[in-house]
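Below is one structure, written out as structure tokens; the observations come after it.
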Amino acid sequence: MSNDKINESLIKDDFYQAVNGEWVKNATIPSDHSSTGGFMDLVDNIDKTLMNDFDALLDGSMQPSNDDMQEFKKLYDLAMDFDKREQDGAKPLKATLQRIEDVKSFDDLNQQLSDWTLSGLPLPFGFGIEADMKNAKYNALYASGASTFLPDKTYYDKQNPAGAKLMPVFRDMMQKLLTMVGYDEQQAKNIVDAAEDFDRTIATHIKSAEENADFTKMYNPMSYSDLASQIEKFDMDDYVTGLIGQVPDQVIVTEPDYFKAFNEIVNDDTFSKMKNWMIVKVVKGSAGLLSEELRQIGGTFSRTLSGKKEATKPNKAAYYLASGLFDQVVGDYYGRKYFGEKAKQDVHDMVVKMINVYEKRLSQNDWLSEDTKKMAITKLNALAIHVGYPDEINPLYHQFKVVGKEDGGDLYTNVENIDKIITKDKFSKWNQPVDKSIWDMSANTVNAYYSPLENVIVFPAAILQAPFYSLEQSSSQNFGGIGAVIAHEISHAFDNNGCQFDQYGNLNNWWTEDDHKHFDALAENMVKEFDGLDFAGQKVNGKLTVSENIADAGGLSCALEAAKGEADVNLRDFFINWATIWRTKSTEQYKQLLLSIDVHAPTELRAQVQVKNLEDFYKTFDVQPGDGMYLPEDKRVNIW
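The UniProt record's numbering applies: residue 1 is where the sequence shown begins, and numbers increase by one.
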């Protein structure tokens, strides 16, 4: 790594700016982006590579590598046929809108309730299938509240000026869309008025992002009959039987307060408003599948929310649409062509190395009791590792059959049919064993994750490149990049949420009472370290971001130890690459949105704050009291 861009005079006072200041000054956010930087640059490069490849797929100069890619090609071809999409306009949506219009009562809706969900139509509640938190080997039925028009319930608070600015933008966009799909201006206004009223009622009773950040509080098992009794207007027995084949004994309810208030929200008096809310949801959700003008207008609200100056280019939007549905198929292609088995093994070995470092740190931990320590190491050693791309494509994708344009197919109907296959498959998993080989991310995704219910860490191929990882980088640079990301995901097994799950993925307290109290106190210190920090004219929410901050702290300190174990250790390179991977330039709107809903702290603070907790940072850069980067020892937070 060249150091000629590092501002040496700033290192002791503002580490992030010292490393990234010149880059930030010169970086330009593309007009169709809300941010640019380390992660986003990789995304853009991968998109460009795959779009070039898929252009060759469409023109016949590249052949599909398997049957699934052949189906993808047909959908991509439909998505890229802008002339046909223009010609079709809103016509493909008409039957769906008529279906909603034809529902005149709850009786009408109950006649088709399960198919309503299978067809992807909205209801004022959601049912889904996930691993049972208390018995993670099997899938359970979950019930949740409805999603709102604005990003979080806090936006509906009269004290939040963002909501007051955003709702008129949403309303204006929806009125335009509704007139474009066939309603007159007065009808459009009436629909949006009613939908907004219904939406605001929902917002009163759902959880905020901060409340949802406490993952384990989503586990509220109820007898099915008790839940059904709280949903008076819907024929729940028929609905659930249509989805999973029978009436279950139990449902796990993620938002009990929502269902306690459900009959206030949904009743004969609010039926018409609910129906209009459904129309708004469907039109907004479908705009991107129709003509270019509908897509452009349908993105107005999200662009306002994120600060994007213009819509994604049509070709890229078509690519995102098709590759989003065939994500694992596209990921398999990307992983095998651009990553390969050798790199897969190299990174797997690096993950194992980080796990060994973590085990050593746990065994030497000075505040855990021996019993808790033993259980933590058991959980660590049971951790499943997925690197690069899955060994096989999820068989679900073999069911995707696309009616191509040569056979009269249109984009909207094909997407509707594939979505129905996905939803049916999801509900077919009820009461079945959890398949831990299925990835939640495709290989071309620039990200990584830990799943507490499966006790698995996943590192898609896309993130396994510079500046995160490269054979051209020193070991210290790689540990400051992908090493810290790997250890971050491992640390999620022991953050404030992950620590409540055992080695099998079950919600199960394996801590002694004293150990948990000590951990909770350390976690509270992490909340305080970030809570109230100034950013983008607002304040960081330490409670919302605590789990990710704990994982960052554990990841960075463990990666540091691994780097120190290498013969070519260079801690300056280690810390500088840590700051480099978080370099980001974002619109103010996007920064403020993330502060409201994102469980991660702002990237600048992730780079800047965590290093202050590590003694080696002070030694490496000779940071002293009085320097901007100095944090008194009694304020430093070290958990793992």
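Where a beta carbon is used, it is the ideal one built from N, C-alpha and C, also for glycine.
Cβ distance (whole Å) where Ala443 is taken to contact Phe339 below 8 angstroms: Correct: roughly 7 angstroms between the Cβ atoms.
Check whether Val43 and Val458 have beta carbons under 7 angstroms apart: With contacts defined by Cβ atoms closer than 7 angstroms, Val43 and Val458 do not form a contacting pair.
Start-end ranges of the alpha helix (DSSP H) lying completely within the stretch 503-554, minimum 4 residues: Within the stretch 503-554, the alpha helix (DSSP H) runs of at least 4 residues that lie entirely inside it are, in chain order, 513-530.
Any non-hydrogen atom of the ligand FMN closer than 6 angstroms to Lys313 Cβ: With respect to the ligand FMN, the structure offers nothing, as it holds no ligand at all.
Nearest candidate by alpha-carbon position, reference Gly21, set Pro625, Ala140, Ser9, Ile206: Taking Gly21 as reference, the option from Pro625, Ala140, Ser9, Ile206 with the minimal CA-CA separation is Ser9.
For Met174, the first and last residue of its enclosing alpha helix (DSSP H): Bounds of the alpha helix (DSSP H) holding Met174 are 161-180.
Segment limits, alpha helix (DSSP H) that includes Ala343: Residues 340-363.
Given 8 angstroms, three or more beta-carbon pairs between the stretch 65-85 and the stretch 284-300: Cβ pair count under 8 angstroms is three or more, so yes.
Three-way DSSP call (helix, strand, coil) for Glu255 in this model: If DSSP states are grouped into helix, strand and coil, Glu255 belongs with coil.
Cβ-based neighbour list, Glu406, same chain, cut-off 8 angstroms, excluding 5 preceding and 5 following: Closer than 8 angstroms at the Cβ level, and outside the excluded window around Glu406, lies no residue.
Proximity winner among Glu392, Asp568, Leu123, relative to Phe106 (alpha-carbon distances): Taking Phe106 as reference, the option from Glu392, Asp568, Leu123 with the minimal CA-CA separation is Leu123.
Exposure of residue 673, with buried meaning 16 or more beta-carbon neighbours within 10 Å: There is simply no residue 673 to check, as the chain begins at 1 and stops at 640 in what is shown.
Ala562 - DSSP class collapsed to helix/strand/coil: When secondary structure is reduced to three states using DSSP, Ala562 falls in the helix class.
Beta carbon of Lys612 nearer than 7 angstroms to that of Ile29: Not a contact, by the Cβ cut-off of 7 angstroms.
Cβ contact check for the stretch 202-215 and the stretch 173-190: 3 or more pairs under 8 angstroms: Because the criterion of three Cβ pairs below 8 angstroms is not met, the stretch 202-215 and the stretch 173-190 do not touch.
Secondary structure of His492, DSSP reduced to three states: His492 falls in the helix class under three-state DSSP.
7 angstroms CB neighbourhood of Lys528 in its chain, flanking five on each side removed: Same-chain partners within the cutoff: Gly542.
Environment of Ser2 [buried if 16+ CB atoms lie within 10 Å]: Its pLDDT being 43, under 50, Ser2 is placed unreliably in this model, and the value from its coordinates should be taken loosely. Burial check for Ser2: the Cβ neighbour count within 10 Å stays below 16, so the residue is exposed.
Inter-residue Cα distance where the pair is Met375 and Trp510: About 7 angstroms.
N- and C-terminal bounds of the alpha helix (DSSP H) containing Ala18: From DSSP, the alpha helix (DSSP H) with Ala18 extends over 15-26.
4-residue-minimum alpha helix (DSSP H) runs that sit fully inside the stretch 596-636, ordered along the chain: Complete alpha helix (DSSP H) runs here, min 4: 603-611, 615-621.
Cα-Cα separation between Ala487 and Gly481, rounded to whole angstroms: For Ala487 and Gly481, the distance between alpha carbons rounds to 10 angstroms.
Cutoff 7 angstroms: Ile422 Cβ touching any chain D Cβ: Structure shown: chain D not included; a single protein chain is present.
Enclosing beta strand (DSSP E) for Ser223 [first to last residue]: Per DSSP, Ser223 belongs to the beta strand (DSSP E) from 221-223.
Three-pair Cβ contact test at 8 angstroms for the stretch 413-431 versus the stretch 138-146: Enough Cβ pairs lie closer than 8 angstroms, so yes.
Bridge partners - His33, DSSP secondary structure assignment: None, per the DSSP bridge assignment.
At least three beta-carbon pairs within less than 8 angstroms, the stretch 39-55 to the stretch 383-393: At 8 angstroms Cβ cutoff, the stretches do not touch.
Inter-residue spacing [alpha-carbon to alpha-carbon] between Lys342 and Tyr469: Straight across, the Cα-Cα distance linking Lys342 with Tyr469 is about 14 angstroms.
For Ile639, three-class secondary structure by DSSP: It is coil, neither helix nor strand.
Proximity of Asp67 and Tyr397 at Cβ, strictly below 7 angstroms: Cβ atoms of Asp67 and Tyr397: not closer than 7 angstroms.
Spatial distance of Thr36 from Ile231 (CA atoms): Roughly 45 angstroms between the two C-alpha positions.
Beta-bridge pairing of Tyr142 - partner residues as DSSP gives them: Tyr142 is bridged to Gly128, Ile252.
Selected residue, minimal CA-CA separation from Arg572, among Leu121, Lys619, Asn496, Gln610: Closest by C-alpha distance to Arg572, out of Leu121, Lys619, Asn496, Gln610, is Lys619.
Through-space distance from Ile639 to Ala523, alpha-carbon basis: Rounded to the nearest angstrom, the two C-alpha atoms are 8 angstroms apart.
Whole-angstrom distance between Phe301 and Met173, CA atom to CA atom: Taking the straight line from one Cα to the other gives about 7 angstroms.
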